[in-house]
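> One structure is given below, represented as structure tokens, and several questions about it will come after.
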Amino acid sequence: MRSDFLSFLLVLGLVWNSLVLFCNGGITSKFVRKVEKSIDMPLHSDVFRVPPGHNAPQQVHITQGDVEGKAVIVSWVTQEAPGSNTVHYWKEHSSTKHKAHGKTNTYKFYNYTSGYIHHCTIRNLEYDSKYYYVVGVGQTERKFWFFTPPKVGPDVPYTFGLIGDLGQTFDSNITLTHYEKSPKKGQAVLFVGDLSYADNYPNHDNNRWDSWGRFAERSTAYQPWIWTTGNHELDFAPEIGENKPFKPFTHRYRTPYRASGSTEPFWYSIKRGPAYIIVLSSYSAYGKYTPQYTWLEEEFPKVNRTETPWLIVLNHSPWYNSYDYHYMEGESMRVMYEPWFVKNKVDVVFSGHVHAYERSERVSNIAYTVVNGICSPVKDQSAPVYITIGDGGNIEGLATKMTEPQPKYSAYREASFGHAILSIKNRTHAHYGWHRNQDGYAVEADTMWFYNRFWHPVDDSPSFDS
Ligand SMILES: *[C@@H]1O[C@H](CO)[C@@H](O)[C@H](O)[C@H]1NC(C)=O
Ligand SMILES: *[C@@H]1O[C@H](CO)[C@@H](O)[C@H](O)[C@H]1NC(C)=O
Ligand SMILES: *[C@@H]1O[C@H](CO)[C@@H](O)[C@H](O)[C@H]1NC(C)=O
Ligand SMILES: *[C@@H]1O[C@H](CO)[C@@H](O)[C@H](O)[C@H]1NC(C)=O
Ligand SMILES: [Fe+2]
């Protein structure tokens, strides 16, 4: 009797839920977490340990070094002296050892002086292979490895991790651990901006750029992280005489921008396996006639969906965001570029900036002119899904306040820290899952099967299914 009543309540609850779903937008998760302050790990933490030995290479990180995935840029820092510029590398099971020589730079920021920052591009790698590489000399040699991607092509599976706004708090460490331990095994990280949050410290204490480099090394040394710049990379501080934007970032991190015809490191494109990835800069000029605009306009015709079916865009400031935090900040860039995204059938756009998670419906809002007043997002099967994944866990904490009611364009939103994984299976299907930090490593809190917009452009919205 009692259990009948309970199941009646349950059914009532489900009906009520689906009613709410129709009236509002999508799902606002009811997941309850402890809201605690996110605090930076102290400098003496294990994750920030300096590798042993005089002048040992530290902060080792790699990224793709060309358009096709046959080159890798290896970067590291030596603190006391320039040391060696050479990377020794070889393919697994091969007795042929190669070496490449890089370049070293240093920079000053207010009263901080950097260590010796090395960048070395290794080229002509074979696809789909494991390579070992060594940096440092003698007692301080350090050995790492990475896998090159498969040859660019439409049906090669490939798995990307998605992380944003990471910072260096205890929560950041949990996010990175969940990514590493995920049974889905991400092969490269698409990072959507805001790395170290050093600028939260007095005078942007650049020692926190160094500590971040050491913290992230356990992943960045072994798989490429594809960098997007966020507002925390600007480090624009005229009050202390630092008026060149992106100074620490550009000295420490490299992107293969010249290979894709870009003129600045902040916007560029790569192909990796089945994906064509366009990285945009929310904090560089993007209006008509600007270098970024001109570059992007010429970029879309280069995308060949027979070669790379999946068209993915990364930027920092989201265009479809229903949190109070940073609400509408991405609007001017959306107005500039959204028609191109719809025309060229971008599959998915990943952004950060808002410290929470959100996935949109496939919507567009491009009908408006100054006189017609048509300015509401509408469902559009040529439009991308917009995902905000700024939930890496930085010192600024979670964005918990949302606009109410949930707009129709918002399919799922939740203020929890986490990361996501996009597993491309073939030219038509990709599985996507968002992982919150409170769950077990294998648990997906939000999932979606993406159907490719070029090869299989039917409605793939999970809320459409249900
Ligand atoms: C830089 O300046 C700050 C305060 O102005 C001071 O606390 C810090 O010790 C200085 N660092 C160096 C390396 O001089
Ligand atoms: C960070 O996470 C790693 C892996 O789980 C753990 O070994 C380490 O102790 C953590 N460090 C801190 C400061 O939380
Ligand atoms: C697109 O890529 C396919 C497969 O690599 C190739 O056969 C075709 O010629 C390309 N199309 C153009 C217009 O370059
Ligand atoms: C593509 O992958 C999906 C999901 O794994 C699968 O159902 C589908 O059959 C695959 N398509 C082809 C042509 O293999
Ligand atoms: Fe940001």
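Those letters in the sequence shown? Residues -25 to -1, 1 to 441, per mature numbering (1 follows the signal peptide of the UniProt record, and there is no 0), in order.
The beta carbon of each residue, even a glycine, is placed where N, CA and C say it ideally should be.
Going by Cα to Cα distance, which pick from 297, 380, 434 and 308 is closest to residue 355?
The shortest C-alpha separation from residue 355 is found at 434.
> What separation, rounded to the nearest whole angstrom, lies between the Cα atoms of residue 358 and residue 322?
If I take the Cα positions, the gap works out to 7 Å.
> Kindly list the residues whose CB is nearer than 7 Å to the CB of residue 79, restricted to its own chain and excluding five residues on each side of it in sequence; keep chain order.
Correct list, in chain order: 57, 60, 91, 92 and 93.
> Examine the Cβ distances between the segment 170 to 180 and the segment 229 to 243 and report whether three or more of them are shorter than 8 Å.
No contact exists between the segment 170 to 180 and the segment 229 to 243.
> What span of residues does the beta strand (DSSP E) with residue 136 cover, start to end?
Segment 133 to 138, the beta strand (DSSP E) holding residue 136.
> Please report the Cβ distance between residue 250 and residue 285, rounded to the nearest whole angstrom; I am assuming they are in contact, meaning their Cβ atoms lie under 8 Å.
Right, their Cβ atoms sit about 4 Å apart.
> Quick check: what's the CA-CA separation for residue 429 versus residue 316?
Roughly 13 Å separates the two Cα atoms.
> Here's a check: name, in chain order, each residue in its chain whose Cβ is nearer than 6 Å to the Cβ of residue 171, leaving out the five neighbours to either side.
Answer for residue 171: 183, 184 and 187, listed in chain order.
> Taking 8 Å as the CB-CB cut-off, is residue 324 touching chain B?
Annotation note: the requested chain B is absent from the structure, which comprises a single protein chain.
> Just to confirm the assignment, what range does the alpha helix (DSSP H) spanning residue 307 have?
Residues 306 to 318.
> Should residue 305 be listed as close to ligand 5, given that the test is whether its C-beta is under 7 Å from any heavy atom?
Answer for residue 305: no, Cβ out of range of ligand 5.
> Give the DSSP-derived three-state secondary structure of residue 154 in the structure shown.
Note: residue 154 maps to helix in three-state DSSP.
> By the DSSP assignment, the alpha helix (DSSP H) with residue 195 in it spans what residues?
Residues 182 to 195.
> Less than 8 Å between C-beta atoms, sequence neighbours within five positions excluded: which residues of the same chain meet that for residue 269?
If we look at residue 269 and ignore the five residues flanking it on each side, it has no Cβ neighbours.
> Give me every residue whose Cβ sits closer than 7 Å to any heavy atom of ligand 1, in chain order.
Answer in sequence order: 85, 86, 87, 177 and 178.
> The beta strand (DSSP E) that contains residue 36, what's its start and end?
33 to 39 is the extent of the beta strand (DSSP E) around residue 36.
> Nearest to residue 280 by alpha carbon, out of 129, 13 and 204?
Nearest of 129, 13 and 204 to residue 280, Cα basis: 129.
> Tell me whether residue 403, by its Cβ, gets closer than 7 Å to a heavy atom of ligand 4.
Yes, ligand 4 has a heavy atom inside 7 Å of this Cβ.
> Select from 12, 248, 214 and 111 the residue whose C-alpha is nearest the C-alpha of residue 402.
The residue with the shortest Cα to Cα distance from residue 402 is 248.
> Could you work out which residue in 212, 267 and 33 is closest to residue 236 when comparing CA atoms only?
Per the Cα distances, 267.
> Would the C-beta of residue 290 count as close to ligand 5, meaning under 7 Å from any of its heavy atoms?
The answer is no for residue 290.
> Counting along the chain, where does the alpha helix (DSSP H) carrying residue 222 start and finish?
First-last of the alpha helix (DSSP H) with residue 222: 222 to 227.
> Quick check: is any heavy atom of ligand 5 less than 7 Å from the C-beta of residue 296?
Not so, every heavy atom of ligand 5 lies at least 7 Å from the Cβ.
> Quick check on DSSP: helix, strand or coil for residue -25?
Unreliable placement is indicated for residue -25, whose pLDDT of 38 sits below 50; the coordinate value is still reported in the next sentence. Three-state result, residue -25: coil.
> State buried or exposed for residue -3, treating a residue as buried only when at least 16 other CB atoms are found within 10 Å of its CB.
Note on residue -3: pLDDT 47, under 50, position unreliable in the model; the coordinate value appears next. Flag for residue -3 reads exposed.
> Give a yes or no on whether the C-beta atoms belonging to residue 324 and residue 338 are separated by under 8 Å.
Result no, Cβ atoms of residue 324 and residue 338 do not sit closer than 8 Å.
> What would DSSP say about residue 438, mapped onto helix, strand or coil?
Note: residue 438 maps to helix in three-state DSSP.
> Give me whichever residues DSSP pairs with residue 95 in a beta bridge.
BP columns for residue 95 point to 49.
> Less than 7 Å between the CB of residue 140 and some heavy atom of ligand 5, yes or no?
Under cutoff, so the answer is yes.
> Does at least one heavy atom of ligand 2 sit under 7 Å from the Cβ of residue 148?
Yes - ligand 2 has a heavy atom lying nearer than 7 Å to the Cβ of residue 148.
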